[in-house]
């Protein structure tokens, strides 16, 4: 059985999510290939793409507070961005794969908050064999890096799909209430 290459799967995900730069020439099957693109280009693409994907999962206010250095104009901004992104990805992965292992402080901070549509609606199988490391974000290449980005994009895609299904269901019930006289 042949599988779709990870970069092509990523391209499908970002097209479905409406990524504004998805049609630009650098977004092809070599988007994170070290033999074709330099580290600076790959890092910039990773920053833009991950900011967009996290934005599809989080609220705008939280996104701005998570990544105050975005867009990264200096190397120190890029380092800070990757540090925060690595912590976010690790927390997201742990939250959906092993919710029972959250610490008391993390559990207290999540009280009254939705842990995301993914955790409640489906088994987050896409995070199971994914390794989250800051070093992967620094290199922006390789199979483990691509699998980590695919897990994030799958999470964003599922969260967005679940959210739009909930919106469509409420719109449908509203439409039905208007079509039937009381």
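Residue numbers (our numbering): 91 to 272.
A virtual CB, placed ideally from N, CA and C, is assigned to each residue, including glycine.
Residue i beta carbon near the ligand COA (any heavy atom closer than 6 Å)
i, result
"residue 168", "No copy of the ligand COA occurs in the structure displayed, which carries no ligand at all."
Cut-off 7 Å between Cβ atoms - residues of its own chain near residue i, not counting five sequence neighbours on either side
i, result
"residue 196", "Residue confidence for residue 196 is low, a pLDDT of 48 falling below 50, so the modelled location carries little weight; the figure read from the coordinates is stated next. Closer than 7 Å at Cβ, skipping near neighbours: no residue."
"residue 224", "172, 173, 176"
"residue 159", "167, 170, 171"
"residue 235", "122, 226, 229"
Cutoff 8 Å; reference residue i; Cβ partners in own chain excluding five residues on either side
i, result
"residue 144", "153, 156, 157, 175, 178, 242, 246"
"residue 136", "122, 227, 230, 239"
"residue 233", "96"
"residue 120", "97, 126, 127"
Euclidean distance between Cα positions of residue i and residue j
i, j, result
"residue 94", "residue 239", "15 Å"
"residue 126", "residue 118", "11 Å"
"residue 267", "residue 222", "With a pLDDT of 41 at residue 267, under the threshold of 50, the modelled position of that residue is not reliable, and the figure given next carries that caveat. Near 47 Å, if we compare the C-alpha coordinates of residue 222 and residue 267."
"residue 187", "residue 116", "33 Å"
"residue 148", "residue 248", "13 Å"
"residue 216", "residue 165", "31 Å"
"residue 142", "residue 251", "16 Å"
"residue 92", "residue 151", "41 Å"
"residue 220", "residue 105", "23 Å"
"residue 180", "residue 218", "12 Å"
"residue 185", "residue 113", "33 Å"
Presumed contact (8 Å Cβ cut-off) between residue i and residue j, rounded CB distance
i, j, result
"residue 124", "residue 231", "4 Å"
"residue 134", "residue 107", "About 19 Å separates the two Cβ atoms, so there is no contact after all."
"residue 138", "residue 111", "7 Å"
CA nearest to the CA of residue i, picked from the options
i, options, result
"residue 129", "237, 250, 227", "227"
"residue 100", "237, 251, 248, 250", "237"
"residue 162", "131, 111, 189, 190", "131"
"residue 183", "105, 214, 142", "214"
"residue 87", "113, 114, 151, 109", "Shown here, the chain extends from 91 to 272; a query on residue 87 therefore has no answer."
Query raised in the report: Mind pulling the beta strand (DSSP E) runs of 3 or more residues that sit fully within the segment 132-164?
Result: Under the rule that a run must span 3 or more residues, no beta strand (DSSP E) segment is found entirely inside the segment 132-164.
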